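Peer 1: Next up is a structure, given as structure tokens.
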Amino acid sequence: MNISYDKENRLFSIRTASSLYQIQVDQLGYLRHVYYGKDLGEENLTYINHSYDIGFSGNPYEWRVERIDSPDVIPQEYPSYGSGDYRITAAYVRNQDGSRCAQFRYSCHEITKGKYTLNGLPASYDEDDDCETLTIHLEDSVSGLTLLLYYGVFAKRNIITRAAEFKNTGTTPVTLEQAGSACLDLPYGNWDLIHFHGRHLLERQPERIAVPHLVTDIGSNRGMSSHQHNPFVILADHEATEDRGNCYGMMFMYSGSFLAQVERDQTDAVRVVMGIHPSDFCWTLNQSETFVTPEVILTWAEGLTALSHNYHDFIRQNVTRGDYQFSHRPVLINSWEANYFDIEKDRVMRLAEEAAALGIEMFVLDDGWFKGRNDDNAGLGDWFENTEKLPEGLGPLIQGINQAGLKFGIWIEPEMVNEDSDLYRAHPDWAFTIPGRDPIMGRNQLVLDMSRSEVVEYLYRVLFNLLNDHPIDYIKWDMNRCLGNVYSHGLPADRQGEVMHRYVLGVYELIDRLETAFPHVLFEGCAGGGGRFDAGMLYYTPQIWCSDDTDPLERILIQNGTSYGYPPSTMGAHVSASPNHQTGRSTLMRTRAITAMSGAFGYELDLETLTEDEKNEIRADIIQYHADEEVLLNGRFYRLEDVRSGNYAAWMSVSEDRSSAIVSLVMKDIQLCPQFVHISLKGLDEQAQYYIREDDAFHSGAALMHAGYTFQLLMGDYRAVQLHLTRK
Ligand code: DGJ
Numbered sequence: 000m001n002i003s004y005d006k007e008n009r010l011f012s013i014r015t016a017s018s019l020y021q022i023q024v025d026q027l028g029y030l031r032h033v034y035y036g037k038d039l040g041e042e043n044l045t046y047i048n049h050s051y052d053i054g055f056s057g058n059p060y061e062w063r064v065e066r067i068d069s070p071d072v073i074p075q076e077y078p079s080y081g082s083g084d085y086r087i088t089a090a091y092v093r094n095q096d097g098s099r100c101a102q103f104r105y106s107c108h109e110i111t112k113g114k115y116t117l118n119g120l121p122a123s124y125d126e127d128d129d130c131e132t133l134t135i136h137l138e139d140s141v142s143g144l145t146l147l148l149y150y151g152v153f154a155k156r157n158i159i160t161r162a163a164e165f166k167n168t169g170t171t172p173v174t175l176e177q178a179g180s181a182c183l184d185l186p187y188g189n190w191d192l193i194h195f196h197g198r199h200l201l202e203r204q205p206e207r208i209a210v211p212h213l214v215t216d217i218g219s220n221r222g223m224s225s226h227q228h229n230p231f232v233i234l235a236d237h238e239a240t241e242d243r244g245n246c247y248g249m250m251f252m253y254s255g256s257f258l259a260q261v262e263r264d265q266t267d268a269v270r271v272v273m274g275i276h277p278s279d280f281c282w283t284l285n286q287s288e289t290f291v292t293p294e295v296i297l298t299w300a301e302g303l304t305a306l307s308h309n310y311h312d313f314i315r316q317n318v319t320r321g322d323y324q325f326s327h328r329p330v331l332i333n334s335w336e337a338n339y340f341d342i343e344k345d346r347v348m349r350l351a352e353e354a355a356a357l358g359i360e361m362f363v364l365d366d367g368w369f370k371g372r373n374d375d376n377a378g379l380g381d382w383f384e385n386t387e388k389l390p391e392g393l394g395p396l397i398q399g400i401n402q403a404g405l406k407f408g409i410w411i412e413p414e415m416v417n418e419d420s421d422l423y424r425a426h427p428d429w430a431f432t433i434p435g436r437d438p439i440m441g442r443n444q445l446v447l448d449m450s451r452s453e454v455v456e457y458l459y460r461v462l463f464n465l466l467n468d469h470p471i472d473y474i475k476w477d478m479n480r481c482l483g484n485v486y487s488h489g490l491p492a493d494r495q496g497e498v499m500h501r502y503v504l505g506v507y508e509l510i511d512r513l514e515t516a517f518p519h520v521l522f523e524g525c526a527g528g529g530g531r532f533d534a535g536m537l538y539y540t541p542q543i544w545c546s547d548d549t550d551p552l553e554r555i556l557i558q559n560g561t562s563y564g565y566p567p568s569t570m571g572a573h574v575s576a577s578p579n580h581q582t583g584r585s586t587l588m589r590t591r592a593i594t595a596m597s598g599a600f601g602y603e604l605d606l607e608t609l610t611e612d613e614k615n616e617i618r619a620d621i622i623q624y625h626a627d628e629e630v631l632l633n634g635r636f637y638r639l640e641d642v643r644s645g646n647y648a649a650w651m652s653v654s655e656d657r658s659s660a661i662v663s664l665v666m667k668d669i670q671l672c673p674q675f676v677h678i679s680l681k682g683l684d685e686q687a688q689y690y691i692r693e694d695d696a697f698h699s700g701a702a703l704m705h706a707g708y709t710f711q712l713l714m715g716d717y718r719a720v721q722l723h724l725t726r727k
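Under numbering that gives the first Met the number 0, think of the first position of the sequence shown as 0, with each following residue one higher.
This is the structure:
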């Protein structure tokens, strides 16, 4: 067993391949966090934490005389407001008498084989009998509120998942004003926080700061995980690098508003709490009702690369699902940057035929194909073909595309509605609006109230028919505005605090039902690019359109930032036109192709405008991608340089058995003096000889990693290059 309980010391030890996590139940039943980090064998590590009564911190009633300890300085597994811990908290409970307090104490526990599930929520799963679950029961004896803390232990993957479940076993209602998923206390150390901020067109940019003596909030109150902040944080030793130092990751498996708080307290201890954002959350539990929180995925590793590898493996093996989890993702042509809203059968067919001739495998009809949709002011909600644009309907178009030899995919944005749509005219109360107020708009659209079962049911029926009536192989599921004025016309005033979370549950239910009905369909997530790029969506969509910015020199920054937590196979990446439509920058086809190939690969440009040379290059790139896809998408990914500094970006992928590797280098700026770039490679077999195809030369793994490799910059058009290494 990887979870053990030492009865005498009331000590839980959780072991993964290289980490150890210890929790102790103290004399009063507080659940103390003891240790998380490198596995140190059969040690009881409780000796590292001292008891002390610190001024103005308070003691539990039982210790009012001895003043043994204060919850304010105890490292805890799940702190709650009102327990004498004044730091950031995981649970904020309002009782029926108006008091705000919960004091959870241990009551019992279970250790079971397999992984817990979370009703209505995405949760990682055990794919090969690797997982065990520790469930610790706590209780607030006054209100009768019980709390179950779940720990899913994936030993092989060095991952521990956490979630919490509240149950009202009392006789009066209790209200959760905050219900965090997990807390991690690091009582000692000198920690940096790495978080991933951004905006539309520049998502997930890493920022590293020393944890200050403040509360730092990283979160989204937008109803989506957001472009601005990703639900993923890393705590790294101040000295930690890609290859060394203690690194902890906390990733939230949730796609709605979230809050990750980080505090360095009066004793220099650091606490991180992660969960649903409390600002738009309030959930009353009547007698016997339960509330379950989303999951947090925790890992510990030495160095940022190892931490990323833990997440990459876990997301590929234990989060993503379905027919396309591991299999080849069709190289696609997306109509958006080629045609925008100008969907017309002949034009679409010309693009499809050009695509087929180049070796592209799937045509994706993006926005603009449905009723009333000529620009972004109308039509959302009416998921029926636009008979003005496609007089014969979708059927003959798809047939033509299939006859050209391509699969067919289509764009939808199910959660949205335009005021100018039949759906809105029929059901204005299905959209979020606050009575008596003009709604805040985004892209001139409103958000459907996915907390209402009739809305989910309606969308399910319409989308079921779309998928059932046509041979559709792929769905791009978009979402192009943040939630605002969240008010459900289907719930009473005192339950409006549930709506934000119920919205997310409704989205999950809809996509889950459609995937169950159409398991062969590949779903790609999207929210104006990467506005909902999180482990929650990845449970349903094994790839997500990484960003609306397709300029390769910006994309390398976005894909690099994304790679800290998410594997290349999850990042939708396309070759688009030059000059680029977002930035106006011109880049070579090679630069665009090498960048896009490090993700789920496709094209998004008007192929009719290309020269014969460019088309030949695309043909060759697609052949190469087929040969390299396994290593590029599923191999070990190494960031070779900090792509935000210097004038080039470099990364590499190495097959699991280290027999082949691909190194990618993209120049961001050309300075021909010095005329070389020198890089140390990573992840190779030191003892082996590697053949470098591009040089027709052999070098040892040790030489390439320690002496490095020198790229020669040639005069002229040298902008991007790949090296293919094969072990002798
Ligand atoms: C935003 C997406 O990110 C784009 O790729 C495209 O699908 C547009 N929406 C269409 O409206």
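For each residue, glycine too, the CB sits at the ideal point set by N, CA and C.
Source: prediction; values computed, not measured.
For the alpha helix (DSSP H) containing G560, name the first residue and the last one.
Peer 2: Here residue 560 corresponds to residue number 561 of the sequence shown, with the count starting at 1. Where G560 is concerned, the enclosing alpha helix (DSSP H) stretches over 551 to 561.
Peer 1: Beta carbon of D547: closer than 7 Å to some heavy atom of ligand 1?
Peer 2: Taking the sequence shown and counting its residues from 1, one reaches residue 547 at position 548. Yes; taking the cut-off as 7 Å, the Cβ of D547 has a heavy atom of ligand 1 nearer than that.
Peer 1: Rounded to whole angstroms, what is the Cα-Cα separation between D25 and R9?
Peer 2: Working through the sequence shown from its first residue, we reach residue 25 at position 26. Working through the sequence shown from its first residue, we reach residue 9 at position 10. Each residue's alpha carbon lies about 7 Å from the other.
Peer 1: What ranges does the beta strand (DSSP E) occupy inside the segment 146 to 229, keeping only unbroken runs of at least 3 residues that lie completely in it?
Peer 2: Whole beta strand (DSSP E) segments, 3+ residues: 158 to 167, 173 to 185, 190 to 198, 201 to 209, 214 to 219.
Peer 1: Can you round the beta-carbon distance between V363 and G408 to whole angstroms, since I take them to be within the 8 Å contact cut?
Peer 2: The sequence position of residue 363 within the sequence shown is 364, counting from 1. The sequence position of residue 408 within the sequence shown is 409, counting from 1. The pair is a contact, with the Cβ atoms about 4 Å apart (cut-off 8 Å).
Peer 1: Report yes if the C-beta of C182 is less than 7 Å from at least one heavy atom of ligand 1; otherwise report no.
Peer 2: Here residue 182 refers to the residue found at position 183 when the sequence shown is read from its first residue. The answer is no for C182.
Peer 1: Going residue by residue through the segment 65 to 146, where are the continuous alpha helix (DSSP H) segments of at least 4 residues, counting only ones entirely within it?
Peer 2: You should have found no qualifying run.
Peer 1: If you draw a straight line from the C-alpha of V271 to the C-alpha of F231, how long is it?
Peer 2: Counting from 1 along the sequence shown, the entry for residue 271 is found at position 272. Counting from 1 along the sequence shown, the entry for residue 231 is found at position 232. About 11 Å.
Peer 1: Cβ of C246 versus every heavy atom of ligand 1: is any distance shorter than 7 Å?
Peer 2: The residue you call residue 246 lines up with position 247 of the sequence shown. Checking every heavy atom of ligand 1 against the Cβ of C246, none is found closer than 7 Å.
Peer 1: Indicate the three-state DSSP secondary structure (helix, strand or coil) for T319 in the structure shown.
Peer 2: As a position in the sequence shown, residue 319 is number 320, starting the count at 1. Of the three classes helix, strand and coil, the one that applies to T319 here is coil, per DSSP.
Peer 1: Nearest to T733 by CA position, among T145, H108, L120, N118, is which residue?
Peer 2: Since the first residue of the chain shown is 0 and the last is 727, residue 733 is not available in this structure.
Peer 1: Short of 7 Å in beta carbon distance, which residues of its chain neighbour E412, apart from the five on each side in sequence? Order them along the chain.
Peer 2: The residue labelled residue 412 in the question sits at position 413 within the sequence shown. The answer, listed in chain order, is L379, D477, M478, N479.
Peer 1: Taking three-plus beta-carbon pairs below 8 Å as touching, is the segment 519 to 532 in contact with the segment 195 to 203?
Peer 2: Yes, the segment 519 to 532 touches the segment 195 to 203.
Peer 1: Just to confirm before moving on: does the CB-CB distance between C246 and Y77 stay below 8 Å?
Peer 2: Locating residue 246 in the sequence shown gives position 247, counting from the first residue. Locating residue 77 in the sequence shown gives position 78, counting from the first residue. In this structure, Y77 does not lie closer than 8 Å to C246 by Cβ.
Peer 1: Of the residues L632, I621, D668, which one's Cα is nearest the Cα of R643?
Peer 2: The count along the sequence shown starts at 1 and reaches residue 643 at position 644. Of L632, I621, D668, the residue nearest in Cα terms is D668.
Peer 1: If we require 3 or more residues per run, which beta strand (DSSP E) segments fall completely within the segment 373 to 448?
Peer 2: Taking only runs of at least 3 residues, the beta strand (DSSP E) segments lying wholly in the segment 373 to 448 are 406 to 411.
Peer 1: If we call anything under 8 Å between Cβ atoms a contact, is F103 one with S79?
Peer 2: For the purposes of this step, residue 103 is taken as residue 104 along the sequence shown, with counting starting at 1. For the purposes of this step, residue 79 is taken as residue 80 along the sequence shown, with counting starting at 1. Result yes, Cβ atoms of F103 and S79 sit closer than 8 Å.
Peer 1: One question on the structure: do V665 and I621 come within less than 8 Å of each other, judged by their Cβ atoms?
Peer 2: Within the sequence shown, numbered from 1, the residue matching residue 665 stands at position 666. Within the sequence shown, numbered from 1, the residue matching residue 621 stands at position 622. No, these two residues do not count as a Cβ contact at 8 Å.
Peer 1: Quick one: is T289 buried, meaning 16 or more other Cβ sit within 10 Å of its Cβ, or exposed?
Peer 2: Here residue 289 is taken as the residue at index 290 of the sequence shown, counted from 1. Exposed, by the Cβ-count rule.
Peer 1: Since I believe P541 is in contact with L632 (beta carbons under 8 Å), could you give me their beta-carbon distance rounded to a whole number of angstroms?
Peer 2: As a working note, residue 632 is residue 633 in the sequence shown. As a working note, residue 541 is residue 542 in the sequence shown. The pair is not a contact, with the Cβ atoms about 10 Å apart (cut-off 8 Å).
Peer 1: Between which two residues does the beta strand (DSSP E) containing R728 stretch?
Peer 2: With the chain covering only 0 through 727, there is no way to say anything about residue 728.
Peer 1: Relative to the C-alpha of Y538, which candidate in N559, Y507, L331, I557 has its C-alpha closest?
Peer 2: What you label residue 538 is simply residue 539 of the sequence shown in a count that begins at 1. Closest by alpha carbon: Y507.
Peer 1: So S307 is in the alpha helix (DSSP H); what residue range does that whole segment cover?
Peer 2: For the purposes of this step, residue 307 is identified with residue 308 of the sequence shown, where counting begins at 1. Note, S307: alpha helix (DSSP H), 303 to 313.
Peer 1: Between which residues of its own chain and Q721 is the CB-CB distance below 7 Å, once the five residues before and five after are set aside?
Peer 2: Taking the sequence shown and counting its residues from 1, the one referred to as residue 721 is at position 722. Closer than 7 Å at the Cβ level, and outside the excluded window around Q721, lie I593, I661, V662, S663.
Peer 1: Go ahead and pull the three-state DSSP assignment for G250.
Peer 2: Position 251 of the sequence shown, counting from 1, holds the residue named residue 250. Per the sequence shown, residue 250 should be read as Met rather than Gly. In this structure, M250 counts as strand in the three-state DSSP scheme.
Peer 1: May I ask which residues mark the beginning and end of the alpha helix (DSSP H) holding L683?
Peer 2: As a working mapping, residue 683 is identified with position 684 in the sequence shown. That residue, L683, is in no alpha helix (DSSP H); it is neither H nor E in DSSP.
Peer 1: Compute every distance between the C-beta of D605 and the non-hydrogen atoms of ligand 1, then say whether any falls below 7 Å.
Peer 2: Residue mapping note: residue 605 aligns to position 606 of the sequence shown, counting from 1. False, no ligand heavy atom lies under 7 Å from that Cβ.
Peer 1: Measure the alpha-carbon distance for E176 versus C281 and round it to whole angstroms.
Peer 2: Your numbering for residue 176 matches position 177 in the sequence shown. Your numbering for residue 281 matches position 282 in the sequence shown. The alpha-carbon atoms of E176 and C281 are separated by roughly 5 Å.
Peer 1: Looking at the structure shown, is K475 part of a helix, part of a strand, or coil, going by DSSP?
Peer 2: Residue numbering aside, residue 475 sits at position 476 when the sequence shown is read from its first letter. Here K475 sits in strand by DSSP.
Peer 1: Can G528 be considered in contact with ligand 1, in the sense that its beta carbon sits closer than 7 Å to one or more heavy atoms?
Peer 2: One-based indexing of the sequence shown puts residue 528 at position 529. For ligand 1, at least one heavy atom lies less than 7 Å from the Cβ of G528.
Peer 1: From G358 to D468, what does the alpha carbon distance come to, in whole angstroms?
Peer 2: For the purposes of this step, residue 358 is taken as the residue at position 359 of the sequence shown. For the purposes of this step, residue 468 is taken as the residue at position 469 of the sequence shown. Each residue's Cα considered, the two are about 27 Å apart.
Peer 1: In three-state terms, what does DSSP make of V271?
Peer 2: Position 272 of the sequence shown, counted from the first residue, corresponds to residue 271. Three-state DSSP puts V271 in a strand.
Peer 1: Within the same chain, show all residues whose beta-carbon is closer than 8 Å to that of F325, passing over the 5 residues directly before and after it, in chain order.
Peer 2: What you label residue 325 is simply residue 326 of the sequence shown in a count that begins at 1. Once the five neighbours on either side are set aside, the close Cβ partners of F325 are R315, N633.
Peer 1: Relative to the C-alpha of G255, which residue among W650, P121, L422, M651 is closest?
Peer 2: Counted from its first residue, the sequence shown places residue 255 at position 256. For G255, the nearest C-alpha among the options comes from P121.
Peer 1: Is any non-hydrogen atom of ligand 1 found closer than 7 Å to the C-beta of N338, if you look at the structure I gave you?
Peer 2: As a first step, residue 338 is located in the sequence shown; it is residue number 339 there, counting from the start. No, since every heavy atom of ligand 1 falls outside the 7 Å radius drawn around the Cβ of N338.
Peer 1: Could you tell me the distance, in whole angstroms, from the CA atom of F793 to the CA atom of C100?
Peer 2: A question about residue 793 goes unanswered here, because the residues of the chain that appear run from 0 up to 727.
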